[in-house]
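In the working numbering, the protein residues as written are 1 to 345.
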């Protein structure tokens, strides 16, 4: 083969690949628009630093009822809470459920929101605009790390923390191949292929694996809108945040022991996503104010499999905080302003 023939073949190959990429991106854009139309914003937007946080603010309880902030996990959005849990809480609490930065309908802060402490700062400043004061902060899975990041920075402004299968501690096993792939140069085309062609039965299968060993509640998939997490930007944001979690949890863990606010923990003993022994058992052992309830037979989604236990844990946190307020101790453990500012860089 002559040099000129080889060059022509190379040019044609590049053109073919480029054409395929354009087609895939176009297909992905079409599906993403359909997904947003199917699962539109259900709440309001708060503007912060030129970006927007999507949240719901609901409940009309008595004026002295505490604020309750709900923070979802990886690949999630606030609809995971509005499916059932919020309706169980809104008569007793002012409930604020948020889409974390870069997920759901909230904007991304780019690399700055890779740290759960930075996400906590963003959410703190966003809900402060709504007059939220001394909330009970509940975090599920990755949201547990954000809740702990909140407590480390704003303990004196926080009533209590509730962790549901919280991913709060360092671990010694590798993340799944999908997360490793996304950290490689192949991440971008892989995300485009998923957005363009991932079948809905695959989405349903993945969701079922997250819920195991309990079934996905009827109607949950349609309400939750898991396809929002398949958008290319959402995939990129989620994998970036999860890939950075180990390093951030390693930095955060030594500071947990200084916390004195009530921490209630629920964790299923059948959870295969976030290990009970690695995270919640260690939190209970390291923090004097942490109390763990192990849910027999529960998987990674206790807010759906054991909602009554979640409501009870929140109530316990509220009661313990009230009792603690009657015998105050020194909780001046918040980060200094310069430490907080460092998180926003």
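Note that beta-carbon positions come from the ideal geometry of N, C-alpha and C, so glycine has one too.
These numbers come from a predicted model, not from an experiment.
Once you ignore the five residues that flank residue i on each side, which residues in its own chain have a CB closer than 7 Å to its CB?
| i | result |
| --- | --- |
| residue 216 | 207, 208 |
| residue 290 | 263, 265, 283, 284 |
My guess is that residue i and residue j are in contact by the Cβ rule of under 8 Å, so how many angstroms apart are they, rounded?
| i | j | result |
| --- | --- | --- |
| residue 183 | residue 237 | Going by Cβ atoms, the distance from residue 183 to residue 237 rounds to 13 Å, so no, they are not a contact pair. |
| residue 136 | residue 314 | 6 Å |
| residue 123 | residue 98 | 6 Å |
| residue 70 | residue 81 | 5 Å |
| residue 273 | residue 203 | About 17 Å; that fails the 8 Å criterion. |
| residue 94 | residue 146 | No, residue 94 and residue 146 are not in contact; Cβ-Cβ is about 19 Å, not under 8 Å. |
Who are the near neighbours of residue i in its chain, counting only those whose CB is closer than 6 Å to its CB and skipping five residues on each side?
| i | result |
| --- | --- |
| residue 306 | 295, 298 |
| residue 286 | 256, 257 |
| residue 125 | 48 |
According to DSSP, simplified to helix, strand and coil, what is residue i?
| i | result |
| --- | --- |
| residue 97 | strand |
| residue 51 | strand |
| residue 349 | Nothing about residue 349 can be reported from this structure: the residues present for the chain run from 1 to 345 only. |
| residue 24 | helix |
| residue 45 | strand |
| residue 11 | Unreliable positioning characterises residue 11 in this predicted model, as indicated by a pLDDT of 38, which lies under 50. A coordinate reading is not provided. |
| residue 116 | helix |
| residue 88 | helix |
| residue 209 | helix |
| residue 105 | coil |
| residue 186 | coil |
| residue 387 | Residue 387 is absent from the model: the chain starts at 1 and stops at 345. |
Once you ignore the five residues that flank residue i on each side, which residues in its own chain have a CB closer than 8 Å to its CB?
| i | result |
| --- | --- |
| residue 327 | none |
| residue 35 | 225, 227, 228, 230, 231 |
| residue 325 | none |
| residue 303 | 80, 81, 84, 85, 140, 164, 310 |
Below 8 Å, can you find three or more Cβ-Cβ pairs linking the stretch 224-235 to the stretch 166-174?
no
List, from N- to C-terminal side, the alpha helix (DSSP H) runs of 4 residues or more that fit wholly inside the stretch 120-182.
142-154, 177-182
What alpha helix (DSSP H) runs, 4 residues minimum, are completely inside the stretch 247-335?
281-286, 302-305, 307-326
Every unbroken beta strand (DSSP E) within the stretch 51-80, with a cutoff of 3 residues, ordered by chain:
51-58, 67-71
Assess, as a yes-or-no matter, whether the stretch 113-120 is touched by the stretch 42-62 under the definition of 3 or more beta carbon pairs within less than 8 Å.
no
Is there contact between the stretch 140-158 and the stretch 68-88, where contact requires at least three CB pairs shorter than 8 Å?
yes
Using a Cβ distance threshold of 8 Å, determine whether the stretch 18-34 contacts the stretch 179-199, with at least three qualifying pairs required.
yes
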